[in-house]
Structure formats: structure tokens, C-alpha cells
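Per our numbering: the sequence shown = residues 1056 to 1213. Glycine included, each C-beta is placed from N, C-alpha and C at the ideal position.
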Amino acid sequence: MSVPTFPAQFSIPPPYLFLPSGGLAHWLNQNPTYKQYFWNTGFFPYLLPPNFITSSISSQGYSYEDVPLCSNLTTMSEYQAQRYYQQLVLFHKVYSFNSNAYVQSVINNKTPMYYTFKDTQELTNYRSGVQVANKLSPFQVMQQASTLNWIAPFPVFM
């Protein structure tokens, strides 16, 4: 069994999946031509598909590329921002470890050895990191933008 390549052949390369701040909305604001792939997901309510654009809206100069998108994580204290950052660092560490373990298990045809948490506190921080990562980079929404062919290479669960 071979491991599928990521990103898939003929797909548009995805942004760095786990952005530390701003998430998908920030990346789309910096790369506005990609906004067109997300108006049918319902995640960004102000992105309107072309068939919704009436002559009065278009006469006012509406362009999906100009619609500012906001992150799901906005105002937070310095403590909260530092805490989220620490949770994301742990999430990256565990995700990378588990993803590599999975790929190696497929290549070597062996059972994967996934990350083992030091204690319940680390597990709790990881679960919080998963929630933060899903708010910043909503993987299901990214997969709904099917023409981009963005698929998380290793499932994000827990």
C-alpha cells in the first residue's frame, strides 16, 4: 500500500495548515483570489457567490476579493494569546509525530507508534490545541472547498 502524495496531484498547494495567528481568514485576506472557493461553504457569510450578486450590489463595486474576512479568534489578552500559542506548539508537535508515525507504518507495513502524553495536563493542553487549530484553520471547511483539493494529510481528531 502506498501513501498518497500530499497535496494531491493537480491540486492547488494549500497554505500552511496550522497558522499561529489569523488562521484561514488571514491567509485568504492576503491571497484574495482564493476567496472564491469558500463562498459556498457557509463559513464566511459575507462572501457571496456570483449568482447572488444583483446589479445594485455590483454597481456599488462589490468584489469578493475586497471582502475583509475575520478570524474566529479575535480579541484576547496577552495571557490568552500566550496560552493559545503554547497549546498550538504542543498540537504541532503531536500532529507531526503522529503523522510521521502513520506514514512510516504504511511504508514499513507495521503498527504505528503514536505520541504518548506525559500526563493528563499535557493531554488536556493538546485537546485545547486541537480546538484552537480548528478555529484558526477549519479543516472541514477547507475540505468543502473541493476544487482546491485541500485535505489534511493526517486526520485531526480528539
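Original post:
Once you ignore the five residues that flank N1084 on each side, which residues in its own chain have a CB closer than 6 Å to its CB?
Top reply: Reading the sequence shown from its first residue, position 29 is the one you call residue 1084. Correct list, in chain order: L1124.
Subject >> Neighbourhood of S1160 by C-beta distance below 7 Å, restricted to the same chain and skipping five residues each side >> reply: Counted from its first residue, the sequence shown places residue 1160 at position 105. Correct list, in chain order: T1166, P1167.
Original post:
Smallest Cα separation from V1122: which of K1173, L1145, W1094?
Top reply: On the sequence shown, residue 1122 is found 67 positions in, with the first residue counted as 1. Looking at K1173, L1145, W1094, the one whose alpha-carbon comes closest to that of V1122 is W1094.
Original post:
From what residue to what residue does the alpha helix (DSSP H) around T1179 run?
Top reply: Counted from its first residue, the sequence shown places residue 1179 at position 124. Here the alpha helix (DSSP H) through T1179 covers 1175–1191.
Original post:
What residue range is occupied by the uninterrupted alpha helix (DSSP H) comprising Y1150?
Top reply: Working through the sequence shown from its first residue, we reach residue 1150 at position 95. Counting along the chain, the alpha helix (DSSP H) containing Y1150 begins and ends at 1133–1163.
Original post:
Is the CB of F1099 under 8 Å away from at least one CB in chain B?
Top reply: Among the chains of the structure shown, chain B does not appear; only one protein chain is present.
Subject >> Reduced DSSP secondary structure (H/G/I, E/B, other) of Y1092 >> reply: Within the sequence shown, residue 1092 is the residue found at index 37, counting from 1. Residue state for Y1092 is assigned as helix, using DSSP reduced to three classes.
Original post:
What separation, rounded to the nearest whole angstrom, lies between the Cα atoms of Y1169 and L1145?
Top reply: If you number the sequence shown from 1, residue 1169 lands on position 114. If you number the sequence shown from 1, residue 1145 lands on position 90. For Y1169 and L1145, the distance between alpha carbons rounds to 14 Å.
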